[in-house]
Amino acid sequence: MKSFFDFKQWRKFILLLISISFIGLVGRISPYGSEIWNFLFENMIWFPVEMGITIFVFDKIIQKNNLKIEHNRKYNEYYSVAETDLNKLLQTIKLHSVSALTNSQLEGDKLDKEFANVCNNIPELITINKLREGLNTQLLNPNNVIDSMINPKFVRKSYYDSLGESGDNIINNIYSHYMLYSKFIPVDLYRELNNLRDFFESNIYFSTNNNLKFGRSMLVQRENDGLMLDNEYQQTIDILTESYSILYKKIMTIENMISESNL
Numbered sequence: 000m001k002s003f004f005d006f007k008q009w010r011k012f013i014l015l016l017i018s019i020s021f022i023g024l025v026g027r028i029s030p031y032g033s034e035i036w037n038f039l040f041e042n043m044i045w046f047p048v049e050m051g052i053t054i055f056v057f058d059k060i061i062q063k064n065n066l067k068i069e070h071n072r073k074y075n076e077y078y079s080v081a082e083t084d085l086n087k088l089l090q091t092i093k094l095h096s097v098s099a100l101t102n103s104q105l106e107g108d109k110l111d112k113e114f115a116n117v118c119n120n121i122p123e124l125i126t127i128n129k130l131r132e133g134l135n136t137q138l139l140n141p142n143n144v145i146d147s148m149i150n151p152k153f154v155r156k157s158y159y160d161s162l163g164e165s166g167d168n169i170i171n172n173i174y175s176h177y178m179l180y181s182k183f184i185p186v187d188l189y190r191e192l193n194n195l196r197d198f199f200e201s202n203i204y205f206s207t208n209n210n211l212k213f214g215r216s217m218l219v220q221r222e223n224d225g226l227m228l229d230n231e232y233q234q235t236i237d238i239l240t241e242s243y244s245i246l247y248k249k250i251m252t253i254e255n256m257i258s259e260s261n262l
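Put into structure tokens, the structure is as follows:
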């Protein structure tokens, strides 16, 4: 950020202040015997110090203000072209995170409230029995959607499959946002979005990583074979409790960054 002086100018300025102070010090200890001269020399000693400190502090304040202005400028530039997609991305993450566990489709304020509720109350919403029962999901026939709506059929879907599908959608949407706006995304927001993507990719229930997807498929297979134990389901609940708590904080961090930038 722009400063009063560049490095060379600062060096010259500091040398000038030191020179003035040194002259004042020499004059003060010299036996002139005049109070007027002593007063002048004392001021020559301390005035450069006070002036240097004042200018240094003021320069830092100016730099900080310029940094904030530049930071907001970058956000405004990015947000001017990405506002709709960024809001859509955050809503998509919330939607799929919620629907993965509740099988519900919400939007707007209702989605925001349900997202907060789900993230902060996993042990109350997800139990061992619920995991064992799975989600009751409507089966849609893509060749006859109308008939599927008139004569709905429901099948069991494993929570592990539901979480995996949501993870695919979320991660793909984050990647798509990168591809569209990589030239505009401010560094700190990019860092948070990247951390969010890494969070999903490193989580066995959401990840698109083949090794983690294989581990998830093994859990589904154990369910289908009736081999899942209560303690395994409880471990799932514990991991989901921690994961959704972290997810909520990450989303709130991003939303707060946007709000604080006056976008």
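Counting in numbering that gives the first Met the number 0, the sequence shown tops out at residue 262, every number present. All residues carry an ideal CB built from backbone N, CA and C; glycine is no exception.
Original post:
According to DSSP, is K152 helix, strand or coil?
Top reply: Strand at K152.
Original post:
Taking buried to mean at least 16 other C-beta atoms within 10 Å of its own C-beta, is D222 buried or exposed?
Top reply: For the record, residue 222 in the displayed sequence is Glu; it is not Asp. By the 10 Å Cβ count, E222 comes out buried.
**OP:** Ignore the nearest five residues each way along the sequence and tell me which others in N172's own chain have a CB closer than 6 Å to its CB.
**Re:** Within the same chain, N172 has close Cβ partners L88, T91.
Original post:
Using the C-alpha atoms, what's the distance from Y204 back to G214?
Top reply: So the two alpha carbons sit approximately 9 Å from each other.
**OP:** Run the CB neighbour count on F114, radius 10 Å, all protein chains shown included, and call it buried at 16 or more, exposed below.
**Re:** F114 should be labelled buried.
Original post:
What is the DSSP secondary structure of Q137, counted as helix, strand or coil?
Top reply: Strand, per DSSP.
Original post:
What three-state label does DSSP hand F183 in the structure shown?
Top reply: DSSP, read as helix, strand or coil, puts F183 in coil.
**OP:** For the alpha helix (DSSP H) containing N119, list its first residue and its last residue.
**Re:** N119: member of the alpha helix (DSSP H) spanning 107 to 119, first to last residue.
**OP:** Give the range of the alpha helix (DSSP H) segment to which N255 is assigned.
**Re:** Here the alpha helix (DSSP H) through N255 covers 229 to 259.
**OP:** State the Cα-Cα distance for the pair Y180 and K11, rounded to the nearest angstrom.
**Re:** So the two alpha carbons sit approximately 44 Å from each other.
Original post:
What is the DSSP secondary structure of N208, reduced to helix, strand or coil?
Top reply: If DSSP states are grouped into helix, strand and coil, N208 belongs with coil.
**OP:** Measure how close the beta-carbons of L162 and L124 come, nearest whole angstrom, since I'm counting them as under 8 Å.
**Re:** For a cut-off of 8 Å, the C-beta gap from L162 to L124 is around 14 Å, too long to register as a contact.
Subject >> DSSP-derived helix/strand/coil call for D224 >> reply: If DSSP states are grouped into helix, strand and coil, D224 belongs with coil.
Original post:
In whole angstroms, what is the alpha-carbon distance linking T207 and D160?
Top reply: Distance between the alpha carbons of T207 and D160 is about 12 Å.
**OP:** In the DSSP assignment, find the alpha helix (DSSP H) that holds N128 and state where it starts and stops.
**Re:** From DSSP, the alpha helix (DSSP H) with N128 extends over 127 to 132.
Original post:
Smallest Cα separation from E132: which of Y232, S18, I250?
Top reply: Answer by Cα proximity: Y232.
**OP:** Alpha carbon to alpha carbon, how far is C118 from M251? Give it in angstroms, no decimals.
**Re:** Cα to Cα, M251 sits roughly 12 Å from C118.
Original post:
Roughly how many whole angstroms lie between the Cα atoms of Y247 and S18?
Top reply: In this structure, the straight-line span from the alpha carbon of Y247 to that of S18 is close to 58 Å.
**OP:** Measure the alpha-carbon distance for M178 versus G107 and round it to whole angstroms.
**Re:** About 26 Å.
Subject >> M227 versus Q234 - alpha carbon distance >> reply: The straight-line gap from Cα to Cα measures roughly 11 Å.
Original post:
Taking the C-alpha atoms as reference points, what is the distance between S216 and T126?
Top reply: Straight through space, the alpha carbons of T126 and S216 are spaced by roughly 20 Å.
**OP:** Thinking I245 and F199 are a contact (beta carbons under 8 Å), I'd like their distance in whole angstroms, please.
**Re:** Your pair I245 and F199 does not check out as a contact, with CB atoms roughly 11 Å apart and the cut at 8 Å.
**OP:** Note down, in chain order, each residue of its chain lying with its Cβ closer than 6 Å to the Cβ of G32, except the 5 sequence neighbours on either side.
**Re:** Confidence in G32 is poor, its pLDDT being 49 and thus under 50, which makes the residue's placement too unreliable to answer from.
**OP:** Report the option in E259, N102, S175, N230 whose CA atom is closest to the CA atom of D84.
**Re:** The alpha carbon of D84 has as its nearest neighbour, out of E259, N102, S175, N230, the alpha carbon of S175.
Original post:
Relative to the C-alpha of V219, which residue among S258, Q104, L130 is closest?
Top reply: If we check each option's Cα against that of V219, L130 comes out closest.
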